[in-house]
Every structure is written in C-alpha cells, then in structure tokens.
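For the sequence shown, the positions run -14 to 485 when the working numbering is used. Since the structure comes first, as structure tokens, the remarks are kept for the end.
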Amino acid sequence: MPLLKELLISTPDAQILGDENLNIKAVNYDSREVSAGSAFVCIKGVATDGHKFAAAAVERGATVIVAEDAELLGEIPQNITQVIVPDTRRALAMMACEFYSHPSREMMLVGITGTNGKTTVAHLVADLLREGGYKSVGIIGTLGAKAEKTYYDTGRTTPESLDLQRLLADFLDGGSEAVVMEVSSHALALQRVAGCAFDAGIFTNLTQDHLDFHGEMEDYFAAKTKLFTDVARESEAHKSFGAVFNADDRYGVRLLDIAADVPYITYGIEAEAHVKAEAVHLSASGTSFVARTSSGDIPFDLSLTGRFNVSNALAAISFAILKGMSASQIQSAMQRAKAPEGRMEMIDEGQSFFVAVDYAHTPDGLKNVLATTKEFTRGKLIAVFGCGGDRDRTKRPQMGAIAAGLADILVVTSDNPRSEDPYRILEDVLEGTSGSHCTVESEVDRRKAIERALELAKPGDFVLIAGKGHETYQIFKERTIHFDDREVVREALEHLKDGK
C-alpha cells in the first residue's frame, strides 16, 4: 500500500496540506466509488466538476482530496489531507501510474492517433507484433479492450487515466507482452495517457471531427501532436520512441517539423515516402499492391477492401519496418489480416449484390469509403447514412453533399440522435444534397432505411451502410435501444429471399 508522498513523486508541483505519510488504499475520481482510505481526485468534466463531490467522497471514507483550488471544495474536515495541484487531470494520471507501478514500462506500447483508420491499424499492428514473437498482445480502442480471451467494455476509445493504468496492469498480470492503443484527441487533450511509456506512435490522418469539443481544426491538430511531443519526451526517459507519419496527409507532413527530434518513417500512396504503395489494385474481395521500401519491394495481397485500407496497411507495415521486422514476417502477418468488425465488413447471405457495413462517420471517412467502393462497383452504389446528435453540426451538410456526389442512390436516416430531434438532423444533412444528380430519399427509422436500400439493390450493385459499424445500440433522447446494422441487414436479406 503506497504512501501519499510516493504517489505524488511524479507530481513535483503538488502542495500537500496535511499528512504526506498516509497509506493510500485506492485512488478515485468518481465519488461513488470511494472507499475508506482513498485519495479522491477532483477532475473537471464537461457536465460537472469533481470539486463539488469532495464532501461526498469524504463521507465515503476518503482521507485525501486532490484539487486545483481549495476554495472550491466547500466544508472539508481539518483532519482530511488536501493536495493542491495546477492540473488535477495530470495529477490523476501520474498518481495512477505510481499506484499501479508504471505497467507501460514493462511492455511494448504502441499508440495510434488520427481521425480515421485507428481501429484497423491497431488490429494490423497487433497481428504484426504476434508474428514478431509477442505471445500475448492487448488492444485498447473503439471496440473496447481485449487481451487474448479477456474483454473489457471501456465505454470510450481511450479510457480515463486511472482506468487505463488499471487496465494496463491487468494486461501485464495476465501475460500481455505488448499493447496497441488507439489514442483519441480527447485523451491527449485531457491528459489520459500522461505518464505512459510508448515505444511508438502512429499518425494516420486528420480531417474534420470533434469540433464540438476542440472548436477549431488547429486545436484538434494541437491535441494530436502531443503524442509526438509531450508524450514522446516522457516516453524517451524509459524507451526508444519512434514515429510513423502519413505523408499523404498535410497534417502528417506538418508533424515532420513539429516532431523533428523523433526518429520516424513515412508512408504514402500518392506522396513520396519511405514506404510507398505502387501497383494498387482494388476489388470487392480485397486489395493488392507493392510496398516500395529502401530495402526492396514487398508485394501484398490482402483481404482488406478499399484504397483507404491500403493506407491503413501501409501504416502498420511502416511500423513493422521501423521495429526491424523482416519482409517475410510482415507478409505473413498481413496475409492473414482481417478487417475489424464494422470496418468495411462485407455481409454475404447469397444475394446477387454486395453489402458492407462501415463505421465511417466523418466527412473524410465517408468520402473515402464511398470513393473507393465506387471504383470497383459495376452497378449502382447505394448508400445509407446519418449523422449523430449533440455533435458537430457543421459536418452534416458536408456529409450530405459528399454522399450525394458519389452515390447513385442515397437514403438519409438516423444515426444516434441523442437529445436532438432526429428530423432536424435529417434536414441538416439533406441541405447538402440539393442540386445533385443522385436519387435521394430520407427515412428517419434506420431499420426501414436499410430495408429500403436493400429492396432497391439489383445484381452487381453495392449497398454501403455507414456510420455505426460495430455499434450494437442506438441512442435516443429518452432511451437507448439494441440496434446492430449487421443484424438488420441479415434479417432484411433473409426476408427478401423469402419474399422472392
């Protein structure tokens, strides 16, 4: 059981008002989880402020309160030790690292950041690490966290710092030798990965998303750069950090100067790069290309569909080259690689047309998946998508224009409306479709929209259902229901089969 002063060893600017030799049984940021002997850290959230719950934490047995301002705490008994810090989120992260004995220092840790492609790249990197000799590899990201047969529902792409360190410690205790983690912009801005010792960072791309949180693209980019600046510097105290950058992305190119002190490797399809794709061939069943490297050409024939997946594959291949894997090891791992669930996931129930479910939910993500699908679709391209509520409204007409510009038939529907009026969201999306040559329909009921798209499909057509991917729920203002695009597609295809 660590002492308070030991937990604060990586927080040198902490002002301790009380006993620094207290034994700390647990660290908490949720007052409902506090138990006797806990240190409660008051973090400020979007909806509320943890300082308001300090008294409740004391009632539950907290002996230490960590805060940014003692005046925000209200009436706290004099026997309760207070720790005042400039940033409680960073303090929480560093205390968590100390409490769980810095598990990231004892494993290979790879961070992947960017707007699109993080999940696919994470799974490809995990496959490569297994091929490279790591017996147990954990993954943390949008699909949750898993190591071998153990699964954790994390609730967010990158867990809160305390939960993250606990998870890494569990992975380490369970035998994981490496962990691949999606690192969101929220996580970087909110110090969730502070104190983590990364071996490598991968940047995929940056396009419009999360502006409801960041405000401006430059602020969004600034958050992403932290993995290759602040976090990289912290990591280099314990490991040799290396980076992988997308040379086809203008923000990736900017990172070359911003992170100039970090050893890096670049990849691209269009731009000149250390690892460049040539002879790219796309089909509904997969992709083939040649990766041109300084050590020679490496041919690949993958089951991953779409040009954007060539870029995702290049990111993973570049990481493997950075870490010294052989061409044969890389080929072997990539040959077996499959797309993660809900990422251009093909659904085949014997129908005469193609159907795929994809998580594309940003303007660029939707553009990429529609454009690449159009390249190999012989018939019509039919798209179904919607935009989430309580998120950046400015991208809705943009995504409507993108979909109407690339699809032959478009059915605009609901995604996760959350607290917003679903019909209002549809109106925002439809604003962007005016003037297009696309046949546009709208159906607020997502199930009916999917069924409609499948009814319209003819032999050789391609139906793309975008936005929710792996998700198994739909969020409304007053309720959350079970909803899985893949299940709905299979049920609808079965119904069509029976009807015919």
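Each residue gets a CB set at the ideal place from its N, CA and C atoms; glycine is no exception. What you are looking at is a predicted structure, and each value in this text was computed from that prediction instead of being measured.
Which class does asparagine 101 belong to by DSSP, given the choice of helix, strand or coil?
coil
Going straight from the alpha carbon of glutamine 459 to that of leucine 2, what length do you get?
47 angstroms
Per-residue DSSP class, three states only, for glutamine 320:
helix
Going by alpha carbons, who is nearest to aspartate 184 out of Lys209, Glu201, Val216 and Asp155?
Val216
What separation, rounded to the nearest whole angstrom, lies between the Cα atoms of threonine 105 and phenylalanine 304?
14 angstroms
Are the Cβ atoms of glycine 22 and threonine -4 separated by less than 7 angstroms?
no
Per DSSP, histidine 467 forms a beta bridge with which residues?
Tyr458
If you check the beta carbons only, do valine 340 and valine 414 fall under 7 angstroms apart?
no
Under 7 angstroms between C-beta atoms of alanine 264 and valine 275:
yes
For alanine 132, the nearest candidate out of Leu149, Thr142, Arg141 and Gly159 (CA to CA)
Gly159
From isoleucine 250 to alanine 442, what distance separates their C-alpha atoms?
43 angstroms
Residues near glycine 96 by beta carbon distance below 6 angstroms, same chain, minus five either side:
Met166, Val168, Phe183, Gly186 and Leu212
Taking the DSSP output, what are the residues bridged to aspartate 34?
Lys29
Same chain only: Cβ atoms within 6 angstroms of asparagine 13, ignoring 5 sequence neighbours per side:
Val19, Ser23 and Phe25
Checking 7 angstroms against the spacing of the C-beta atoms, do glutamate 91 and serine 121 come in under that value?
no
Using 10 angstroms around the beta-carbon of glycine 445, count the other beta-carbons present and answer buried if the total reaches 16, otherwise exposed.
exposed
Under the assumption that alanine 40 contacts glutamine 150 (Cβ atoms under 8 angstroms), give the Cβ distance between them as a whole number of angstroms.
Not confirmed; about 26 angstroms, so no contact.
Alpha-carbon to alpha-carbon, threonine 98 and phenylalanine 230
10 angstroms
Spatial distance of alanine 179 from methionine 79 (CA atoms):
7 angstroms
Report the option in Glu255, Ile28 and Glu116 whose CA atom is closest to the CA atom of aspartate 234.
Glu255
Could you round the C-beta distance between glycine 291 and valine 342 to whole angstroms and report it? I think they count as a contact, below 8 angstroms.
That pair is no contact at about 13 angstroms.
Proximal residues to asparagine 101 (C-beta, below 8 angstroms), its chain only, five neighbours per side dropped:
Thr189, Asn190, Thr192, Phe293, Ala345, Thr347, Asp349, Gly350 and Asn353
Enumerate in chain order the residues of its own chain whose CB-to-CB distance from proline -13 is below 7 angstroms, with the five nearest sequence positions on each side excluded.
Ile9, Glu83 and Phe84
Helix or strand or just coil, what does DSSP make of lysine 211?
helix
What are the partner residues of glycine 96, as DSSP defines its beta bridges?
Met166 and Gly186
Please classify methionine 384: does DSSP put it in a helix, a strand, or coil?
helix
Is DSSP giving threonine 362 helix, strand or coil here?
coil
On the DSSP letters alone, give me the boundaries of the beta strand (DSSP E) that serine 16 sits inside.
No beta strand (DSSP E) holds serine 16; DSSP gives it neither H nor E.
Tell me, to the nearest whole angstrom, how far the beta carbon of isoleucine 315 is from that of leucine 109; I am working on the premise that it is less than 8 angstroms.
The Cβ separation is near 10 angstroms, so there is no contact.
Buried or exposed, going by whether 16 or more other CB atoms sit within 10 Å of the CB of glutamate 522?
The chain is shown only over -14 to 485; residue 522 falls outside these bounds and no answer can be derived.
Could you pull the start and end residues of the beta strand (DSSP E) that serine 225 belongs to?
No beta strand (DSSP E) holds serine 225; DSSP gives it neither H nor E.
Assess, as a yes-or-no matter, whether the region 61 to 71 is touched by the region 127 to 142 under the definition of 3 or more beta carbon pairs within less than 8 angstroms.
no
Roughly how many whole angstroms lie between the Cα atoms of arginine 74 and alanine -1?
13 angstroms
What separation, rounded to the nearest whole angstrom, lies between the Cα atoms of alanine 492 and alanine 107?
Because the chain in this structure spans residues -14 to 485, residue 492 falls outside the shown range and cannot be described.
Assuming serine 421 and valine 397 make a contact with CB atoms under 8 angstroms, what is their CB distance in whole Å?
Serine 421 to valine 397, Cβ: 12 angstroms. No contact.
For the beta strand (DSSP E) holding tyrosine 287, just list the boundary residues, first then last.
Per the sequence shown, the amino acid found at residue 287 is leucine instead of tyrosine. Per DSSP, leucine 287 belongs to the beta strand (DSSP E) from 281 to 287.
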